[in-house]
Ligand SMILES: NC(=O)c1ccc[n+]([C@@H]2O[C@H](COP(=O)([O-])OP(=O)(O)OC[C@H]3O[C@@H](n4cnc5c(N)ncnc54)[C@H](O)[C@@H]3O)[C@@H](O)[C@H]2O)c1
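In the numbering used here, the protein residues as written are 729 to 1150.
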């Protein structure tokens, strides 16, 4: 059935949700507070890079099922569903800051048609469904929690083929209406109460961050005892209770979600009287991991970073996105700069950065450098010509924080190669 859907916020989550619902045949109006963003989106110019999204947005603007307007009220005035997809940044005390969410809810409160369903897609702490209900102050409108699990870099396919869709509501009919919207996607639908839905989102991200910190801690042990973490992960991963997914060592987790969501989860626990020591350890391991990567570069250049020239491949927090928020690559480079290194970086999706010298060619940034550090797992880095890299570098040192390059090929080509956990 064709529904009228308003999307409030056109970032990674809102734009993907809006475009994909239009693609599934619904009438979608997306709103943002940023007029320039809306003007460009209306012309099919996307503010973010997300594989496959450009094509869907263009096709759905053309089909007439996808429109962009300034202001939440303008989008919501004729909708059956209003999706709140605004940012929920980390507040002063670690808890999620709900200012944007409450403002968006207040804007639509007076225009929502009777029987509309307001859907919380932003990541919000337990109790936020009730917060939105209070702001709306409408007895003829239901609020449903529907946390988003998409991953940047594969957001479109994650939306259309989700592992699961979580719907939290005390109103069975509103929950049924929201689950109908996902009937064309392939995910398991889990209907629960709002507090459980909200907790599922934080628990999922906290667990994923835990997996990464766990494998990074194992990588540190591997380095100390002379084991190879790649083989260790292979060996443990065949145990079905463990699995191979999300156990890749690297420079630590980052991005717009894990850092704020782990802290928010700890704050939720603390407020509820539980000391989440496990998650505290996960954060400590992550902070240490950046230091460990900096120490590797320090070793590579002979112990003194001051004045050393370092070529860096990768700035985004992971491959296939242009998102730099809380990127471990930026954290490592900032630390190298703070210690006096001269860093020149290349990233396929980033042409400039306020604090980092960014070049436009992966080989050019290597010219005369004392070491190359690989920070983001862009597939194209795998296929670059190592002989050419060696010709360009002043000293043949590679620090591969993603275990991305072919270690044997790098050693054969004459590099001193340091990976992670091997
Ligand atoms: N990015 C991800 O990978 C991801 C994945 C799952 C969940 N989430 C969660 O989804 C939410 C949104 O994340 P995002 O990365 O898309 O954020 P974002 O910062 O990319 O986008 C938010 C957008 O909302 C707009 N906005 C703010 N207030 C508004 C208002 N009153 N009316 C209209 N527009 C308004 C902003 O201008 C911005 O364009 C967050 O809670 C985040 O934690 C994000």
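All C-beta atoms in this analysis are idealised placements derived from N, C-alpha and C, irrespective of residue type, glycine included.
Item to check | Exposure of residue 986, with buried meaning 16 or more beta-carbon neighbours within 10 Å | outcome: Here residue 986 corresponds to residue number 258 of the chain shown, with the count starting at 1. By the neighbour-count rule (16 or more Cβ atoms within 10 Å), residue 986 is buried.
Item to check | At least three beta-carbon pairs within less than 8 Å, the stretch 1103-1113 to the stretch 1068-1087 | outcome: yes
Item to check | Minimum C-alpha distance to residue 836 - residue among 805, 1054, 862, 1108 | outcome: Residue numbering aside, residue 836 sits at position 108 when the chain shown is read from its first letter. When only C-alpha atoms are compared, the closest one is 805.
Next on the checklist: Is residue 741 near ligand 1 - that is, is its Cβ less than 7 Å away from at least one heavy atom of it?
Outcome noted: For the purposes of this step, residue 741 is identified with residue 13 of the chain shown, where counting begins at 1. Result yes, Cβ under 7 Å from ligand 1.
Checklist entry - What number of angstroms, rounded off, separates the C-alpha of residue 946 from the C-alpha of residue 964? => result Counted from its first residue, the chain shown places residue 946 at position 218. Counted from its first residue, the chain shown places residue 964 at position 236. Each residue's Cα considered, the two are about 12 Å apart.
Checklist entry - Hey, how far is the Cα of residue 1045 from the Cα of residue 977? => result Residue 1045 sits at position 317 when you count from the first residue of the chain shown. Residue 977 sits at position 249 when you count from the first residue of the chain shown. So the two alpha carbons sit approximately 14 Å from each other.
Checklist entry - Going by the CB atoms, is the gap between residue 850 and residue 807 shorter than 8 Å? => result Reading the chain shown from its first residue, position 79 is the one you call residue 807. Reading the chain shown from its first residue, position 122 is the one you call residue 850. No, the Cβ-Cβ distance between residue 807 and residue 850 is not below 8 Å.
Checklist entry - Got a sec: does ligand 1 put a non-hydrogen atom nearer than 7 Å to the Cβ of residue 814? => result Stepping through the chain shown from its first residue, residue 814 is reached at position 86. Result yes, Cβ under 7 Å from ligand 1.
Checklist entry - Apart from the five residues on each side of it in sequence, which residues of its chain come closer than 8 Å, Cβ to Cβ, to residue 1034? => result As a position in the chain shown, residue 1034 is number 306, starting the count at 1. Hits under 8 Å: 1067, 1068, 1069.
Item to check | Top-ranked residue by Cα proximity to residue 1092, from 1084, 1110, 1098, 1121 | outcome: Within the chain shown, numbered from 1, the residue matching residue 1092 stands at position 364. Comparing Cα-Cα distances from residue 1092 to each of 1084, 1110, 1098, 1121, the minimum goes to 1121.
Checklist entry - Would you say residue 794 and residue 788 are within 8 Å of each other, going by their C-beta atoms? => result Working through the chain shown from its first residue, we reach residue 794 at position 66. Working through the chain shown from its first residue, we reach residue 788 at position 60. It is a contact, given that the beta carbons lie within the stated cut-off.
Checklist entry - Is it buried or exposed for residue 865, if we count other Cβ within 10 angstroms and need 16 for buried? => result Counting from one through the chain shown, the residue named residue 865 turns up at place 137. Residue 865 comes out exposed.
Next on the checklist: I'd like the list of long-range same chain contacts for residue 917, defined as Cβ closer than 6 Å, with 5 residues on each side in sequence excluded.
Outcome noted: For the purposes of this step, residue 917 is identified with residue 189 of the chain shown, where counting begins at 1. Taken in chain order, the residues that qualify are 893, 907.
Next on the checklist: Does the beta-carbon of residue 939, which I'm using as the reference point, lie nearer than 7 Å to any heavy atom of ligand 1?
Outcome noted: Your numbering for residue 939 matches position 211 in the chain shown. No, the beta carbon of residue 939 sits no closer than 7 Å to any heavy atom of ligand 1.
Item to check | Per-residue DSSP class, three states only, for residue 878 | outcome: Position 150 of the chain shown, counted from the start, is the residue given in the question as residue 878. Residue state, collapsed to three classes: coil.
Next on the checklist: Please classify residue 1111 as buried or exposed, where buried requires at least 16 other C-beta atoms within 10 Å of its C-beta.
Outcome noted: The residue labelled residue 1111 in the question sits at position 383 within the chain shown. That one is exposed.
Checklist entry - Between which two residues does the alpha helix (DSSP H) containing residue 720 stretch? => result Examination of residue 720 is not possible in this model, given that the chain is present from 729 through 1150 alone.
Checklist entry - Looking at residue 1118 and residue 1087, is the spacing between their C-beta atoms short of 8 Å? => result Along the chain shown, one-based indexing puts residue 1087 at 359. Along the chain shown, one-based indexing puts residue 1118 at 390. Against a cut-off of 8 Å, the Cβ pair of residue 1118 and residue 1087 comes out as no contact.
Next on the checklist: Check whether the stretch 839-856 and the stretch 817-831 touch, using three or more Cβ-Cβ pairs below 8 Å as the test.
Outcome noted: yes
Next on the checklist: Residues in the same chain with beta-carbon distance under 6 Å from residue 941, minus the five sequence neighbours each way, listed in chain order, please.
Outcome noted: What you label residue 941 is simply residue 213 of the chain shown in a count that begins at 1. Contacts found: 1010, 1013, 1014.
Item to check | Start-end ranges of the alpha helix (DSSP H) lying completely within the stretch 740-766, minimum 4 residues | outcome: 740-751
Item to check | Integer-rounded CB distance, given that residue 1051 should sit under 8 Å from residue 876 | outcome: Position 148 of the chain shown, counted from the first residue, corresponds to residue 876. Position 323 of the chain shown, counted from the first residue, corresponds to residue 1051. Actually they are not in contact, since the Cβ atoms of residue 876 and residue 1051 sit about 15 Å apart, beyond 8 Å.
Next on the checklist: Tell me the rounded alpha-carbon separation between residue 1041 and residue 818.
Outcome noted: Within the chain shown, residue 1041 is the residue found at index 313, counting from 1. Within the chain shown, residue 818 is the residue found at index 90, counting from 1. Roughly 29 Å between the two C-alpha positions.
Item to check | Segments of 3+ residues assigned as beta strand (DSSP E) that fall wholly inside the stretch 856-903 | outcome: 870-873, 892-896
Checklist entry - Mind checking residue 969: buried by the 16 CB within 10 Å criterion, or exposed? => result What you label residue 969 is simply residue 241 of the chain shown in a count that begins at 1. Classification of residue 969: exposed, given that the 10 Å Cβ count is below 16.
Checklist entry - Considering residue 1144, what are the terminal residues of the beta strand (DSSP E) in which it resides? => result Here residue 1144 refers to the residue found at position 416 when the chain shown is read from its first residue. Taken as a continuous stretch (DSSP letters only), the beta strand (DSSP E) holding residue 1144 covers 1144-1146.
Checklist entry - What did DSSP end up calling residue 999 once you bin it into helix, strand or coil? => result Taking the chain shown and counting its residues from 1, the one referred to as residue 999 is at position 271. It is helical.
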